[in-house]
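For reference, the structure discussed in these notes is given below.
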Amino acid sequence: MPLSDDVLVDRLRDAGLRVTKPKLATLAVLEEARARHEHLPVAAVAERVRERIGTLSAQGAYDCLDALVESGLARRIEPAGQPTLYEARVRDNHHHLVCRGCGLVTDVDCTVGDALCLTPSATNGFVLDEAEVTFWGRCPSCAGSTEA
Ligand SMILES: [Zn+2]
Ligand SMILES: [Zn+2]
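The sequence shown begins at 16 in our numbering and counts up by one.
Structure, rendered in structure tokens:
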């Protein structure tokens, strides 16, 4: 279900961001991707934003994504050896499964809920608010193709 621009405008304002056309389009693109369980690299975000509003430079795309990430509206994930990915699913402490074969990234819910589901043996005085877990393996189609 696509969110209306009004909802997205409110979300940008609530996050303390100045509402601009590129930011609004970037958030809309990420929300659409979220509905399809996609995690998008910058290039794909920029391409889809351009389809909506005509132009957006690569730097413009980075600037919008950085602003959304810093204000908590988007999340950046950086699996080793993969392009940086962005998504609008935030604040639920979910984790990711990454396929070593094709690079497919899939969400996996935290087993405990919103709170940290990993407790380190020592926190060294840090106040922890997030545990980022990436599970590496092979997706069903890659696993199938190597078994043959
Ligand atoms: Zn795969
Ligand atoms: Zn995710």
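Using N, Cα and C, we set each Cβ at its ideal position, and we do this for glycine too.
query	result
What alpha helix (DSSP H) runs, 4 residues minimum, are completely inside the segment 43 to 131?	57 to 68, 73 to 85
How many angstroms separate the CA atom of residue 102 from the CA atom of residue 80?	10 Å
Compare the Cα-Cα distances from residue 117 to each of 135, 157, 75 and report the closest residue.	157
Would you mind giving the Cβ-Cβ distance between residue 94 and residue 149, rounded to the nearest angstrom? I have them listed as a contact below 8 Å.	6 Å
CB of residue 120 to nearest heavy atom of ligand 2: below 8 Å?	yes
For chain C, is any of its Cβ atoms less than 9 Å away from the one on residue 108?	The structure shown contains no chain C; it is built from a single protein chain.
How about residue 73 and residue 58: do their beta carbons lie closer than 9 Å?	yes
Once you ignore the five residues that flank residue 122 on each side, which residues in its own chain have a CB closer than 7 Å to its CB?	52, 104, 109, 111
Which residue marks the beginning of the beta strand (DSSP E) containing residue 149, and which one marks its end?	149 to 152
Three-state secondary structure (DSSP) at residue 19?	coil
Taking C-beta to C-beta, are residue 76 and residue 84 nearer than 9 Å?	no
Can you list, in chain order, the residues of its chain whose CB lies under 6 Å from that of residue 114, leaving out five sequence neighbours each side?	153, 154, 157
Where does residue 159 fall in DSSP's three states?	helix
If we ignore side chains and look at the alpha-carbon of each, how far apart do residue 25 and residue 87 end up?	14 Å
With a threshold of 6 Å on Cβ separation, who are the neighbours of residue 69 within its own chain once the five nearest residues in sequence on each side are excluded?	none
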